[in-house]
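Numbering (my numbering), first residue to last: 452 to 515. Even glycine gets a Cβ: it sits at the ideal position worked out from N, Cα and C.
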C-alpha cells in the first residue's frame with residue numbers, strides 16, 4: 452500500500468476536525484471515505500472490526 456501510517460493519521464485528524472466543527476460538507480465526506488478505505492487496508496482493520504462486532508452483540512443483548 453502506498454499510504455503510510457502518517458497519512459492515515461493525517462486523514463483521521465482532518466475528519467475529526469471537520470466533524471467537531473460541524474462543517475462536514477461533500478468534499479469533507481470524500482476525505483472521510485478515503486480515510487475509511489485506508490483504515491480498512493491497515494493493520495487496525497481487524498481490531499476495529501472485532502470491536503464493532505462486540506458492540507453490536509452488546510447492543511443486541513441489551514435491546515432484547
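Asked	Found
Residue 494 versus residue 500: straight-line alpha-carbon distance, rounded	11 angstroms
Residue burial classification, residue 466 (beta-carbon count within 10 angstroms, cutoff 16)	buried
Beta-carbon proximity check, residue 517 vs residue 462, cutoff 8 angstroms	Residue coverage of the chain in this structure runs from 452 to 515, which leaves residue 517 outside it and unanswerable.
Three-state class that DSSP yields for residue 493 in the structure shown	coil
Backbone CA spacing between residue 498 and residue 485 [nearest angstrom]	19 angstroms
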